[in-house]
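Report on the structure given below.
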Amino acid sequence: MFDVITIGGATRDFFFEVDSLKVKKNPKMPEQKILEIPYGEKIVTDSTFYSFGGGAVNSAISFSRLGLKTATVCNIGKEGSGRLIAEHLRAEKVSTQFLNRDSILHTGLSVLILGKDAEHTGFLERGANNHLLIKNWRPLKNTKWFYISSLTGESAKLLPEIFRFAKKHNIKVAFNPGSNQLSQGYRGLKDFIKITDVLLLNYQEAERLVESKTKTIPK
């Protein structure tokens with residue numbers, strides 16, 4: 022029996038620290054900043070490193086480090102990045118028995134440029150994350166909790182089935198909706214929210230969910 026199974030994305034993240042790049046305010050949107058990258062030039066980085074990301078992977082590792090028995094459901098490619106993610110999860114004592122290894126699509130990839138203030142600008146290619154499949158549901162009932170993170174592309178179609186399965190097997194649900202889910206607004210997600218035990222949103226995501234600046238979710 023698992024304490025929690027996380028469901029969502031997995032990515033290989035590459036970070037480039039470039040202190041020399043300039044940041045300025047967007048004159049048309051004062052609250053937004055613009056990172057200036059000279060077009061057609063080679064940019065020398067101050068440092069480069071890589072890590073692993075994605076909602077399912079990050080949350081699974083966090084839960085495991087808290088001492089919870091954890092597994093993750095996500096879709097990775099069979100190339101080197103996918104193998105490294107699987108190895109990293111096992112090293113963090115996260116079960117990989119529910120990992121899908123896609124023979125066609127490659128593992129999701131992100132490239133992040135870090136400035137002096139540690140803010141980042143990212144380029145994301147979702148890859149296999151857009152095509153998560155759950156072929157065998159039965160073993161997933163052996164958990165106390167589901168943690169559902171962002172589901173993108175075709176993977177988003179799994180959401181109703183995940184909630185139905187959780188309800189049928191009395192599995193508690195923590196739901197951290199991504200941009201794709203939040204774009205449906207509260208009315209599009211209310212049936213899921215009603216059977217969610219823990220809803221995780223930051224302030225901006227909450228505003229987007231209710232499509233309003235008010236602080237009360239309509240009934």
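Going by my numbering, the sequence shown opens with residue 22, and the numbers climb by one from there. In this text, a Cβ means the ideal position worked out from N, Cα and C, and glycines have one as well. Since the structure is predicted, the reported quantities are computational estimates derived from the model, not experimental observations.
Proximity to residue i [Cα-Cα], best of the options
i: serine 204; options: Phe37, Val194, Asp218 and Gln225; result: Gln225
i: valine 115; options: Gly88, His141, Lys99 and Glu62; result: Gly88
i: isoleucine 28; options: Pro181, Tyr168 and Phe184; result: Tyr168
i: arginine 33; options: Glu182, Leu145, His190 and Asn121; result: Leu145
i: histidine 141; options: Gly101, Lys54, Arg229 and His190; result: Lys54
i: isoleucine 106; options: Val44, Glu228, Asp212 and Ala31; result: Ala31
i: leucine 56; options: His190, Arg86, Thr69 and Leu133; result: Leu133
i: leucine 180; options: Val78, Trp166, Arg159 and Leu210; result: Leu210
i: threonine 66; options: Asp40, Pro51 and Thr117; result: Asp40
i: lysine 178; options: Asn96, Gln202, Met50 and Val44; result: Gln202
i: isoleucine 58; options: Met50, Val44 and Pro48; result: Val44
i: arginine 159; options: Pro48, Glu182, Leu222 and Met50; result: Glu182
i: glycine 174; options: Asn223, Met50, Asn96 and Leu222; result: Asn96
Pair within 8 Å by beta-carbon distance, residue i and residue j
i: tyrosine 71; j: phenylalanine 119; result: no
i: lysine 99; j: serine 124; result: yes
i: glycine 136; j: leucine 42; result: yes
i: asparagine 197; j: serine 176; result: no
i: glutamine 150; j: glycine 129; result: The residue you asked about is not glutamine; residue 150 is asparagine in the sequence shown. A contact, by the Cβ cut-off of 8 Å.
i: valine 194; j: phenylalanine 186; result: no
i: leucine 172; j: leucine 154; result: no
i: isoleucine 214; j: lysine 188; result: no
i: glycine 103; j: arginine 86; result: no
i: glycine 68; j: glutamate 38; result: For the record, residue 68 in the displayed sequence is serine; it is not glycine. A contact, by the Cβ cut-off of 8 Å.
Own chain partners of residue i with C-beta closer than 8 Å, once the 5 adjacent residues on each side are dropped
i: threonine 164; result: Met22, Phe23, Asp24, Val25, Ile26, Ala92 and Ile192
i: serine 131; result: Thr32, Arg33, Asp34, Phe35, Gly74, Gly143, Phe144, Leu145 and Glu146
i: leucine 221; result: Ala195, Phe196 and Asn197
Contacts around residue i, its chain only, beta-carbon distance under 6 Å, and the 5 residues preceding and following it disregarded
i: histidine 109; result: Phe73
i: alanine 81; result: Thr27, Thr91, Thr93 and Val115
i: valine 219; result: Ala195
i: histidine 190; result: Lys162
i: valine 78; result: Ala31
i: glutamate 62; result: none
Contact set for residue i: own chain, Cβ-Cβ below 7 Å, skip 5 residues either direction
i: lysine 46; result: Lys54
i: leucine 126; result: Gly98, Gly148, Ala149 and His152
Cβ of residue i within 8 Å of any chain B Cβ
i: valine 44; result: Chain labels in this structure do not include chain B; a single protein chain is all it has.
Expected contact under 8 Å - CB spacing of residue i and residue j to nearest Å
i: glycine 199; j: glycine 76; result: 7 Å
What runs of the beta strand (DSSP E), each 3 residues or longer, lie entirely inside the region 52 to 102? 68 to 74, 91 to 94 and 96 to 98
Enumerate, from N- to C-terminal direction, the unbroken beta strand (DSSP E) stretches of 3 or more residues contained entirely within the region 132 to 167. 141 to 146
Restricting to runs no shorter than 3 residues, where is the beta strand (DSSP E) found entirely within the region 164 to 193? 164 to 169
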